[in-house]
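This report concerns only the one structure given below.
Protein chains in written order, with this note's numbering: chain C, 1 to 339; chain V, 340 to 678; chain G, 679 to 1017; chain Z, 1018 to 1356.
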């Protein structure tokens, strides 16, 4: 009964099999292998556009690398106050950008409020030498409260940001979960909604460790700088074929979407189970994460029954479902709730 | 007939099997898993000392992270002019340290000359506010010309450096190759020879991507800062069990040493083969790398026969043997040399 | 009728005379001159404690240098949302620290609310590797709304911060204004109220360009690192005698306090004058700055009469009085207000 | 008898008078004052071209700021092994660029050898992702051995560097000394010889503290970024009129050239005096610096007579003449030499 995090889940067997298949003979290192080349075509198909990408093994690295080509050291990145890049990456964006500032914005359910964005853009102008100007907007989808932005919501933010020439970063550590929840296409939820760069994460959804930074549209011009920064930060994998092999297996035959659907469905059941036990589900469950308020007694009861979940800074409890969450685990949760 | 680099080789099957075994059920993320815990004991045994470590998937990351806790931004790192950290990591040490300076030192066969170290320490004093003082010495063993330092050679350098309170970093991307070549113990070639931190690399010797930064002796006090920097740089793997599982399989039953012995023996044969064909082997072959001067005709002949090797900046040619290099490959090289 | 900023005011003649006196013969460079030595004694007398210091010509440099020895790159600096270091220094603290994060806190009249500090310390723990821990608290006194903290208010913040081992930085760009307003001693308003480092500014109060970073108590141990960073950032003045000479003349015979009293008294008159004209003074006038809400008509009337003042991001108007503000200027303001 | 450094000399009275004149009434801060505006015209006249500039109070700051807009963090700056930016600025270029690498080049008399440049450009290619590519070339003129490059020598270096698209930085801390020594025009010794940016120093030649970073030709596009970095590093002087006033007085009526001529002439006499006493002058005396080899006895004799000079890392002794060096001082040196 582990609902701690999707990073505690195992990898899907198909990805391990892909590793084994990739482990034959010599392969060019540092991303110049044939599997990486095949991945280019696959990603272009899925996103219905030409694109460039680099691979890493960590979502933190992907976000920080992406932001480092979108925002100069003397600029500012706007994000939600709950954003993973602000709260949970130990200052990685500040490190990779060379000291850019992150400005946390408010909004219900960890969604950036358009008026908060508007207010920030008004308070921090582009041409005032004394203050860092906003240069990038970062949006997490699925976000840190487990909620999905719709394309309409995304466009409202990105169009306003683009009117000030900001670059747009999407943190897609749980992109697949947002995608299947919304029923939108990958294109619709990325470049058609304004993303210049999408960090597409597989690690939380069945991989051992595989993340892709996708450069979309005009942002493809950043590829050489991105590669330089990837190398310089130790994220250009010497044997990159093993990351590419994971990603390729994950994308094959819509496996990534199937895994996300499984996780989302499990989360919906977890939410129902918790609701039925009297817990207050505090955010829409658009993906694989459930946030609830538990009274202390119930929380203690769950912990003593061995149910794993995290206490959140706002006092709520987070339950995360994974591609591997089973019906038995949910039933065990139900039993633990019923004492 | 690929002698390009040990990073083009596949992983050893035992490591893939270890991954598969590790892929069962939930595991604590970010290095708090039981496999990582088991690895602590194994490394302590092998190095005959208590130690702390963190894991990464890249030698560049390991070196730069290690140096970032050994040298402040306003200090200087001494290394050989041929050092990987100086030549081949796109300024990673400068990035991770926040702008420390690397001072390249001279010496035959990519070994730092004691007098070059002496000269640098005299020219760059510790207490002159206008210049960055030397704060760390970095030594590669096996080094970038394929040569091994003996414990005596290491101590001559590290003792002089320690007399000025420098911290000592060993780049052990090919540590196993140096170890089996010298017949020394892991302890003798690391902390007993002055290393505060050893970057122990498995990637070039049978892993998919696994590197350990070992904190030795007093340097163990750097662990919290090292972990903070590991996280901040995106190198704290969310599913670290898969790196630990590789490392554990690699160290089990002396597999790492066996693989290195195989590679070194293959390199010795490659060297003989090249020598027999009239090439000039320009550095001692202490590990799995062979550097030769080829006349242009012979180089062209090899290339047209499909033999892979790198042209080095000094005009020589580098041939690298791997744990997976076969007798057939060496025979094929011989045939290609013979036209 | 210039009420734009105290940085638009001329320097006091006594400081220019001091420059002329200092301009005789040779003097050791980079702060090793006899005037700098004399300044040490003078500052120790005024602050009733042994201390160390370095001089710069810019408040931004002083703040950022101070913070860079108080907070590691992977830590966090807490400050008010209106703080100059957050709003008006183009990310200087982020640059000098190597990418530390600034966390803006709320509070009326630009004073950090104790509960906002408490909340931040609870949300951002010291031992969570994934997030930057708070390592420094920065307090501006006089603050950015022209208000002074009392020693009691300062201690409430600094004692709570010190309970988590945070380092304490005071931005004293207008320290003299706060001092004369409160009637406290320099010691009471600095180290006795918890400051580890005070950035003492003379530039806004009669100097051409002179700022001192004072290391107090245990923080004196940071001197060598501070000097290294001062040099590295180009703030170790080659001919530092000219900065020291300004600072010495400024401190002599309480000139600094007299100038601040003059500016504060002028600000009080400006506030009365604006109030009498129907403007709403929105913050206590504890120093030389007056913030008012003006209706648009009155604002336009003032501008057309040539009265200089700044529009503030919150829609208010800021009027700054200086040591050189004259009665005639205030009368002219009155006339402009009366149309 | 102080020949330690031109930074120990006083300022020329004309500059102090200019400060006093500038100290009247209000002036726009941060470089928007009328004196700074007047300086634009004056500099354009002198350099026979349109240009942009910012002012600082430190040569280290000027060099590092200039380099930070000419070289990305993942690039490399080529300079002489003796360059001030490499040896004497505590890693300021590394700090301001965000961790670019400096590659020291060899050459007699601290002049970069064309073949050393050639070799570096060959060894460090532009398109190899694993190593930082050369992106800037920095040349000191007058250089650190007191020697001047001729326009022909400069062009040989800059044209080769520009063929690889490197940006060109001239460190002109003693530019005036090189100029009067060569008899060339300011244009000839700067942009016509390939400089994109010239750091023009007045501090060592009569100012209290005044340096200008000149953006020339296409490099003028860097102005907004340069100003952002100037602010961010604390080098945008709040009361910049006092720096501009110095610079303007220094340039008026060729004062800067007259002061340099005086210093150079004094240096020539110092060199003769030392030669006559049997010292070996080891570099051409093209400016105001004299480097000699002294036997230990003579060095001790000079020190005991109170003659100030620096011991150089290579064992030589440096004597610096200033605009204020008098005949009496040189005579006193002569007497000290004669025992």
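For each residue, glycine too, the CB sits at the ideal point set by N, CA and C.
Any C-beta of chain V under 7 Å from that of residue i
i: residue 807 of chain G; result: yes
i: residue 1149 of chain Z; result: yes
i: residue 905 of chain G; result: yes
i: residue 234 of chain C; result: yes
i: residue 242 of chain C; result: yes
i: residue 305 of chain C; result: no
i: residue 138 of chain C; result: no
According to DSSP, residues forming a beta bridge with residue i
i: residue 242 of chain C; result: Answer is none; residue 242 of chain C lacks a bridge partner.
i: residue 619 of chain V; result: V:632
i: residue 782 of chain G; result: G:757
i: residue 658 of chain V; result: V:629
i: residue 1156 of chain Z; result: Z:1187
i: residue 729 of chain G; result: G:894
Coil, strand or helix - residue i by DSSP
i: residue 880 of chain G; result: coil
i: residue 1073 of chain Z; result: strand
i: residue 508 of chain V; result: strand
i: residue 570 of chain V; result: helix
i: residue 886 of chain G; result: coil
i: residue 44 of chain C; result: helix
i: residue 563 of chain V; result: helix
i: residue 134 of chain C; result: strand
i: residue 330 of chain C; result: helix
i: residue 532 of chain V; result: helix
i: residue 650 of chain V; result: strand
i: residue 1230 of chain Z; result: strand
Test: residue i CB closer than 7 Å to a CB of chain Z
i: residue 21 of chain C; result: no
i: residue 694 of chain G; result: yes
i: residue 623 of chain V; result: no
i: residue 490 of chain V; result: no
Interface partners of residue i on chain Z, CB under 9 Å
i: residue 439 of chain V; result: 1108, 1111 and 1116
i: residue 680 of chain G; result: 1042 and 1043
i: residue 782 of chain G; result: Correct list: empty, because the minimum Cβ distance to chain Z is about 18 Å.
Within 7 Å, strictly: CB atoms of residue i and residue j
i: residue 1251 of chain Z; j: residue 761 of chain G; result: no
i: residue 222 of chain C; j: residue 34 of chain C; result: no
i: residue 1149 of chain Z; j: residue 1128 of chain Z; result: no
i: residue 391 of chain V; j: residue 571 of chain V; result: no
i: residue 1056 of chain Z; j: residue 1203 of chain Z; result: no
i: residue 469 of chain V; j: residue 1105 of chain Z; result: yes
i: residue 1210 of chain Z; j: residue 1151 of chain Z; result: no
Under 7 Å from the C-beta of residue i: neighbouring residues of chain G
i: residue 412 of chain V; result: 776
i: residue 1087 of chain Z; result: Those within 7 Å of residue 1087 of chain Z in chain G number zero; the least Cβ separation is about 16 Å.
i: residue 230 of chain C; result: Simply none; closest approach about 18 Å.
C-beta neighbour in chain B for residue i, strict 7 Å
i: residue 801 of chain G; result: Reference to chain B is not applicable here, since the protein chains of this structure are C, V, G and Z.
Neighbour flag for residue i against chain G, beta carbons, 7 Å
i: residue 135 of chain C; result: no
i: residue 87 of chain C; result: yes
i: residue 1304 of chain Z; result: no
Listed by chain order, chain V residues near residue i by CB distance under 7 Å
i: residue 343 of chain C; result: Outside the shown range of chain C (1 to 339) lies residue 343 of chain C, about which nothing can therefore be said.
Neighbour flag for residue i against chain C, beta carbons, 7 Å
i: residue 547 of chain V; result: yes
Neighbour list for residue i in chain G, Cβ cutoff strictly below 8 Å
i: residue 13 of chain C; result: Result: empty, since nearest Cβ-Cβ is about 29 Å, beyond 8 Å.
Within chain Z, partners of residue i - CB distance below 8 Å
i: residue 881 of chain G; result: 1255 and 1256
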